[in-house]
Amino acid sequence: MIEIKFEEWFTEINNSNLEELKNDLYVKASRYHQLRNTSYFANETERFEIEEFRTRSHNTFIDSCNILSRNMIKNGDQANWRVELGNDRKVIGDFACYISYRIGLKAR
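Using the numbering used here, you'd call the opening residue of the sequence shown number 36 and step up by one each time.
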């Protein structure tokens with residue numbers, strides 16, 4: 036199950052002491068999640084207008100994943116999550132939504 040992997044990956048990231056990079060990843064995940072949800076409820080015209088922003092947000096989340104994983108490796112942390120996450124944009128987007136969901140639960 037991919038959700039089990041999401042939890043493992045989130046835990047691996049959360050265990051890192053690279054707070055600034057971690058928080059940057061979390062913020063970018065939340066922004067992407069918000070745009071994805073907004074797109075879901077939008078009509079066709081609105082969805083077309085949102086699409087460029089959603090794609091850009093998705094790209095910046097992927098960049099943030101790459102930056103964090105490289106720095107985790109330099110720091111001696113486990114960063115298997117990035118290799119396992121792979122390059123499938125749909126899976127990466129789903130992981131961003133999972134991170135946002137977990138952060139939302141932690142914030143209560």
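Just so you know, even glycine gets a beta-carbon here, dropped at the ideal spot from N, CA and C.
- Counting of Cβ neighbours within 10 angstroms places Tyr75 among the exposed residues, the total staying below 16.
- In the pairwise beta carbon analysis, the stretch 59-78 is classified as not touching the stretch 104-120: fewer than three pairs are separated by under 8 Å.
- Under the three-state reduction of DSSP output, Leu53 falls in the coil class, being neither helix nor strand.
- DSSP places Gly121 in the coil class of the three-state scheme, outside both helix and strand.
- Counting along the chain, the unbroken alpha helix (DSSP H) around Asp98 starts and ends at Glu79 to Lys109.
- DSSP, reduced to helix, strand and coil, places Gln113 outside both helices and strands of the structure shown, so it counts as coil.
- Pairing Glu38 with Tyr133 gives a Cβ-Cβ distance under 9 Å.
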